[in-house]
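Protein chains in written order, with our numbering: chain G, 2 to 420; chain H, 83 to 380.
Idealized CB from N, CA, C, for every residue including glycine.
Structure record follows, encoded as structure tokens.
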Amino acid sequence: MKRPLLALSAATMAGALALSACSKGSGSGSTSADGVTTIRFVAADYGSNGQNPGQAYWQGVISAFQQQNPAIRVDLQVINWNDLDTQVKTMVQNGNQPDILQTGGYADYAKNGMLYPASDVLSPATAGDFVPALAKAGVQDGTQYGVPFVSSARMFLINNALFRKAGLDPANPPKTWDDVTTAATALKKAGVDVPLGIPLGKEEAQAESFIWMMGNHGGYQDAGGAYTINSPANMATFTQLKSWVDAGLTEQSPAAVNRTDLTKDFASGKVGMLNGFPGQLGDLRTMDVSWAPMPGKDGVSPSTLGVADWVMAFRKGGHKDQIRAFLDFAYQRDNTVKFDKEYNLLPVTRTALDALQTDPDEKALQPFLQILPTATFYPLSDPTWPGVSAQVKTQIGTAVTDPGKALDALQQAAVQAGR
Amino acid sequence: MSRAPTPRSLLRRLGPVPWLAPAVLLILAVVVWPVAEMVRTSLRRIDTTGTDHGPAGLVKYRKLFADPRLPEVLGWTVVWTVAVVGLTMLLSLALAQLFNQNFPGRRIARWALIAPWAASVLMTAIGFRWMLDQVAGVLNRLLLDLGLIDRPQAWLGDAAHAKPWLVFVAVFVSLPFTTYTLLAGLQTVPAEVYEAARVDGASRWQIYRKVTLPLLRPAFLVALVVNLINVFNSFPVIWGMTQGGPNADTATTTVFMYMLRGYDVAESAAMSVVNFAVVIVMVLLFLKVSRWNEEESR
């Protein structure tokens with residue numbers, strides 16, 4: 002009688018296996034018997050390679066918050082950027098979304114009606130403190146859902162030593178695309194490995210492309226929110242980029258080069274000029290560089306790219322009041338300034354902007370702080386943008402080989418997105 | 083054994099069911115259920131947050147087949163599978179022959195062959211990626227110092243350069259398993275057969291073709307099929323070196339499926355279904371070939 006018993010236990014095990022695979026995660030935070038409400042907070046990790054983890058910053062904020070608000074417990078989960086999207090997706094699919102999420106985009110959650118409007122989860126004082134351009138980027142169909150968390154902006158970055166070596170004046174940076182051609186040609190003659198860096202690898206190709214598109218008054222969408230990826234202006238932009246690539250003025254095969262690698266090459270003195278961002282400041286402390294406005298087709302580009310990361314509050318747990326208490330605390334000036342300084346990011350509130358502008362330690366950040374209020378953002382409120390952006394990242398690099406084919410394919414994909 | 087007749091007769095009535103049930107349940111849970119779920123997902127409309135917006139019919143399949151990149155991806159998948167498996171089998175036949183000879187240091191050589199197998203494939207791929215890097219790569223340094231090239235090349239920057247390197251690395255990591263399988267096959271060939279062939283005056287090439295190869299057939303077939311399915315489904319080599327890029331120029335269907343997952347889970351599932359169908363066809367072909375093999379040897 003031993004064998005059937007064994008078989009039976011194996012059968013139950015297989016059954017248990019199947020069951021555990023279907024079981025859903027438990028619901029979001031709850032109120033326990035002692036009157037303490039737990040809210041779940043999922044945040045992205047801005048530290049790199051385990052250095053300077055975001056966990057430490059948030060633990061500090063949360064323990065200070067919990068001392069002031071003993072009735073609220075914040076359950077923190079910090080996830081690195083590579084896994085964040087997938088893990089949050091899994092939480093949402095299982096109906097297990099956090100109360101507060103801090104990540105790269107909000108539009109698709111807002112479109113599905115999963116989010117509280119920002120006015121429900123922020124006190125008027127906090128809500129009124131955001132830099133207007135950023136607050137506006139969080140608005141979808143007339144209601145603000147995305148609460149900006151940190152921002153960043155791009156500027157044209159020049160290696161002064163290489164410029165002088167090529168007989169160029171770093172105090173007079175290129176203003177037009179023709180100037181860029183002249184400077185890059187001179188840098189190439191002076192033996193610079195990569196005169197002009199255009200990282201169109203999938204890491205940040207959507208940003209790099211957008212910056213050059215804006216130099217020719219182009220972009221991903223028109224004023225009405227319709228995709229215009231293969232517009233004549235964008236075609237002209239990529240034809241220009243292609244001519245730089247063909248002339249050997251850029252790195253070889255930009256479609257396969259990621260921003261991180263190229264910025265490392267810049268820091269080691271191999272790149273003459275590229276679109277830089279404040280995150281590089283740490284690496285460039287000892288280097289002689291200039292930050293300049295973006296060169297455009299006929300003159301300095303009308304705008305530059307601003308990027309922002311977002312905080313959003315999910316309706317599912319029903320913890321509106323607790324979320325508001327926590328967000329009002331987390332957005333206090335001292336907290337946000339500390340975070341921005343720690344990771345070389347730009348602020349999103351006016352008080353933090355003022356604080357950083359007068360901070361003598363943050364001189365290097367000044368050019369970015371000045372352009373931030375005028376920066377242009379991705380079509381962040383469009384729920385199809387996350388999907389379109391993912392496709393742009395992998396495909397737009399090939400537009401420097403065949404602009405027409407690549408941009409037409411992306412336009413077609415963008416129009417179909419969300420269907 | 084047991085004196086209670088009731089449970090015994092109950093068991094007898096159930097026949098083989100209690101013995102088969104665990105295996106059947108396990109297959110249902112880990113094979114059939116995921117496949118059903120995969121097909122179901124490919125017929126839904128799922129947005130980037132993972133929210134399901136209801137049935138989509140065959141929309142995702144139409145979108146997939148309308149993707150201008152798909153024909154090239156399919157073509158490259160065929161070339162990739164045939165080239166990697168073909169080269170692996172050829173080189174392994176030679177290597178197995180070599181390792182079957184007695185020579186000083188054979189033990190060490192055999193151990194050395196295990197190295198690419200013992201190392202994680204993803205690690206090997208990432209290692210090669212950096213060796214081939216335009217700025218930091220050791221290959222460019224070597225070729226520059228030898229004066230063979232005059233400026234550093236981005237070896238993985240475009241499909242024409244990347245594809246041969248991908249095949250090279252995939253062959254490199256497939257060789258150990260294949261060689262050892264063939265070596266095991268070679269060692270089952272009895273020495274008398276060779277002796278008899280030599281007595282009959284067969285040349286070395288004749289012995290290899292008429293004696294070794296036919297007797298090696300079972301091991302060869304096993305190695306071939308395992309490699310075919312492995313290489314067709316291979317993910318780490320391509321992902322570690324090029325991530326299927328630029329665009330999808332070096333993506334096989336498996337890698338392409340993973341790329342689609344980034345923005346459309348349902349379309350990605352549709353690609354999986356197509357992939358699954360191809361594997362089924364490959365297995366059916368194998369079954370047919372191996373049966374033909376049995377009949378011939380009878």
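Exercise for the section: With DSSP as the reference, label SER372(H) as helix, strand or coil. Expected result: Taking the first residue of the second sequence as position 1, residue 372(H) is located at position 290. Three-state result, SER372(H): helix.
Problem - Short CB-CB distance (under 8 angstroms) between ALA236(H) and chain G - result: Along the second sequence, one-based indexing puts residue 236(H) at 154. For ALA236(H), the answer is yes, since a Cβ of chain G falls inside 8 angstroms of its Cβ.
Practice task
Quick one: grab the DSSP three-state call for VAL349(G).
Solution key: Counting from 1 along the first sequence, the entry for residue 349(G) is found at position 348. In this structure, VAL349(G) counts as coil in the three-state DSSP scheme.
Exercise for the section: Check whether the Cβ of ARG380(H) lies closer than 8 angstroms to any Cβ atom in chain G. Expected result: For this step, residue 380(H) is matched to residue 298 along the second sequence. Confidence is the limiting factor: at ARG380(H) the pLDDT is only 47, short of 50, which leaves the residue's position unreliable, though a coordinate-based value still follows. By this cut-off, ARG380(H) is not an interface position.
Practice task
Closer than 6 angstroms by C-beta to ALA185(G): which residues in its own chain qualify, once you throw out the five before and the five after it? Chain order, please.
Solution key: Here the question's residue 185(G) lines up with position 184 in the first sequence. Cβ neighbours of ALA185(G) beyond the five flanking positions: PRO196, LEU197 and LEU250.
Exercise for the section: List the residues of chain H that ASP109(G) touches, going by C-beta distances under 7 angstroms, in chain order. Expected result: Here the question's residue 109(G) lines up with position 108 in the first sequence. Chain H residues near ASP109(G): ASP129, THR130 and THR131.
Exercise for the section: Would you be able to state if there are at least three C-beta pairs under 8 angstroms between the stretch 235-243 of chain G and the stretch 398-418 of chain G? Expected result: yes
Handout entry: Neighbour list for ASP310(G) in chain H, Cβ cutoff strictly below 7 angstroms
Key = One-based indexing of the first sequence puts residue 310(G) at position 309. Simply none; closest approach about 16 angstroms.
Handout entry: Neighbour list for ALA119(G) in chain H, Cβ cutoff strictly below 8 angstroms
Key = Looking up residue 119(G) in the first sequence gives position 118. Neighbours of ALA119(G) on chain H: none; closest Cβ ~18 angstroms, over 8 angstroms.
Practice task
Could you please give me the residues that DSSP links to GLN103(G) through a beta bridge?
Solution key: Counting from one through the first sequence, the residue named residue 103(G) turns up at place 102. Partner(s): VAL312(G).
Problem - LEU257(H) versus VAL160(H), MET213(H), ALA178(H) and VAL347(H), residue with shortest Cα-Cα distance - result: In the second sequence, the residue the question calls residue 257(H) occupies position 175. Among VAL160(H), MET213(H), ALA178(H) and VAL347(H), the Cα nearest to that of LEU257(H) belongs to ALA178(H).
Practice task
Taking only the alpha-carbon atoms, compute the straight-line gap between PRO133(G) and VAL151(G) and give it to the nearest angstrom.
Solution key: As a first step, residue 133(G) must be located in the first sequence, where it is residue number 132. As a first step, residue 151(G) must be located in the first sequence, where it is residue number 150. Roughly 14 angstroms separates the two Cα atoms.
Problem - For LYS292(H) and ASN182(H), the rounded distance between their alpha carbons - result: For this step, residue 182(H) is matched to residue 100 along the second sequence. For this step, residue 292(H) is matched to residue 210 along the second sequence. About 18 angstroms.
Handout entry: Cβ pair TYR47(G), MET313(G) closer than 8 angstroms
Key = The count along the first sequence starts at 1 and reaches residue 47(G) at position 46. The count along the first sequence starts at 1 and reaches residue 313(G) at position 312. No, Cβ-Cβ distance for TYR47(G) and MET313(G) is not below 8 angstroms.
Practice task
Kindly confirm or deny that the stretch 327-347 of chain G and the stretch 61-75 of chain G touch, where touching means at least three C-beta pairs closer than 8 angstroms.
Solution key: yes
Practice task
Check PRO186(H) in the structure and name its three-state DSSP category.
Solution key: In the second sequence, the residue the question calls residue 186(H) occupies position 104. Coil, per DSSP.
Practice task
Write down every uninterrupted run of the alpha helix (DSSP H) in the stretch 125-159 of chain H whose length is 4 residues or greater and which is fully enclosed by it, in chain order.
Solution key: 141-148
Exercise for the section: Check whether the stretch 340-360 of chain G touches the stretch 137-151 of chain G, counting contact only when three or more Cβ pairs, one atom from each stretch, lie closer than 8 angstroms. Expected result: yes
Exercise for the section: Enumerate, from N- to C-terminal direction, the unbroken beta strand (DSSP E) stretches of 3 or more residues contained entirely within the stretch 179-233 of chain G. Expected result: 195-198
Exercise for the section: Please go through the stretch 220-302 of chain G and give each complete beta strand (DSSP E) segment of 3 or more residues, from N-terminal end onward. Expected result: 272-277 and 290-293
Exercise for the section: Taking a Cβ distance cut-off of 9 angstroms, strictly less, list which residues of the stretch 162-191 of chain G are near chain H, in chain order. Expected result: none
Practice task
Would you mind stating whether LEU408(G) and ASN235(G) have Cβ atoms separated by less than 8 angstroms?
Solution key: Here the question's residue 408(G) lines up with position 407 in the first sequence. Here the question's residue 235(G) lines up with position 234 in the first sequence. Taking 8 angstroms as the Cβ cut-off, LEU408(G) and ASN235(G) qualify as a contacting pair.
Problem - Exposure of SER29(G), with buried meaning 16 or more beta-carbon neighbours within 10 Å - result: The sequence position of residue 29(G) within the first sequence is 28, counting from 1. No answer about SER29(G) holds up, because its pLDDT of 43 lies below 50 and its placement is not dependable.
Exercise for the section: Under 7 angstroms between beta-carbons, which chain H residues line up against ALA410(G)? List them in chain order, please. Expected result: In the first sequence, counting from the first residue as 1, residue 410(G) sits at position 409. Within 7 angstroms Cβ-Cβ: PRO150.
Handout entry: Test: GLY105(G) CB closer than 8 angstroms to a CB of chain H
Key = Here the question's residue 105(G) lines up with position 104 in the first sequence. Taking Cβ atoms only, chain H never reaches closer than 8 angstroms to GLY105(G), which makes this a no.
Practice task
Taking LEU248(H) and ILE320(H) to be in contact with their CB atoms under 8 angstroms, please state how far apart those CB atoms are, rounded to whole angstroms.
Solution key: For the purposes of this step, residue 248(H) is identified with residue 166 of the second sequence, where counting begins at 1. For the purposes of this step, residue 320(H) is identified with residue 238 of the second sequence, where counting begins at 1. 6 angstroms between Cβ atoms; contact.
Handout entry: Separation of LEU238(H) from PRO198(H), as counted between CA atoms
Key = As a first step, residue 198(H) is located in the second sequence; it is residue number 116 there, counting from the start. As a first step, residue 238(H) is located in the second sequence; it is residue number 156 there, counting from the start. If you take the alpha carbons of PRO198(H) and LEU238(H), they lie about 21 angstroms apart.
Exercise for the section: Evaluate contact between the stretch 255-275 of chain H and the stretch 188-202 of chain H, counting only Cβ atoms and requiring at least three cross-stretch pairs below 8 angstroms. Expected result: yes
Exercise for the section: Report all residues from its chain with a CB closer than 7 angstroms to the CB of LYS245(H); omit the five preceding and five following residues, and keep chain order. Expected result: In the second sequence, counting from the first residue as 1, residue 245(H) sits at position 163. For LYS245(H), where only same-chain residues beyond five positions count, the Cβ hits under 7 angstroms are THR332.
Handout entry: Against chain H: residues of the stretch 251-269 of chain G by CB proximity under 8 angstroms
Key = GLU252, GLN253, SER254, ALA256, ALA257, VAL258, ASP262 and ASP266
Practice task
Return the residues of the stretch 386-412 of chain G that lie within a Cβ-Cβ distance of less than 7 angstroms from chain H, sorted by chain order.
Solution key: PRO387, GLY388, ALA391, GLN392, THR395, GLN396, GLY398, THR399 and ALA410
Exercise for the section: Answer yes or no: do ILE324(G) and ILE101(G) have a C-beta to C-beta separation smaller than 8 angstroms? Expected result: Mapped onto the first sequence, residue 324(G) falls at position 323. Mapped onto the first sequence, residue 101(G) falls at position 100. The answer is yes: Cβ separation under 8 angstroms.
Practice task
Name, going along the chain, the residues of the stretch 142-169 of chain H whose beta-carbon falls closer than 9 angstroms to a beta-carbon of chain G.
Solution key: LYS145, ALA148, ASP149, PRO150 and ARG151
Practice task
Find the residues of chain G that neighbour ASN329(H), judging by a C-beta separation of less than 8 angstroms, and give them in chain order.
Solution key: Along the second sequence, one-based indexing puts residue 329(H) at 247. Those are ALA256, THR395, GLN396, GLY398, THR399 and ALA407, listed as they occur along chain G.
Practice task
State the Cα-Cα distance for the pair SER24(G) and VAL93(G), rounded to the nearest angstrom.
Solution key: By 1-based counting over the first sequence, the position of residue 24(G) is 23. By 1-based counting over the first sequence, the position of residue 93(G) is 92. Confidence at SER24(G) is low in this model, with a pLDDT of 37, below 50, so its placement is unreliable and no value can be given for it.
Exercise for the section: Show which residues of chain H have a CB atom less than 9 angstroms away from the CB atom of LYS298(G). Expected result: Residue 298(G) sits at position 297 when you count from the first residue of the first sequence. In chain order: nothing, as chain H lies at least about 26 angstroms away.
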